[in-house]
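Report on the following structure.
Residue numbers (our numbering): 8 to 109.
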């Protein structure tokens, strides 16, 4: 084996190792991003349910509420801290929309 062949193989091995390392890094980044998106999705769902419950507690008609009901029946499991906001000081836009806490 010539010196040129040895150097070529070493360069190829280094390139393959770098590509595998970069691929592993990208896969880790994708998994982290997917987890963040899932967490944000659950948070948005819980916020919508909390808003719906808060507006229901104020007596707002369902067709005028800005949140959404627990249509997946998962709030009890995924949103254990969902509680309608109770203070009048938390009104966001008008008397028919209020911030919710969870």
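Where a beta carbon is used, it is the ideal one built from N, C-alpha and C, also for glycine.
Burial state of residue 62 is buried, judged by a 10 Å Cβ sphere holding 16 or more other Cβ atoms. Judged by DSSP secondary structure, residue 85 falls within the alpha helix (DSSP H) whose first and last residues are 82-85.
Note that the C-beta distance between residue 53 and residue 79 is not below 8 Å. By alpha-carbon distance to residue 82, the top candidate from 70, 56, 72 and 32 is 56. In this structure, DSSP gives residue 67 a state outside helix and strand, which the three-state scheme calls coil.
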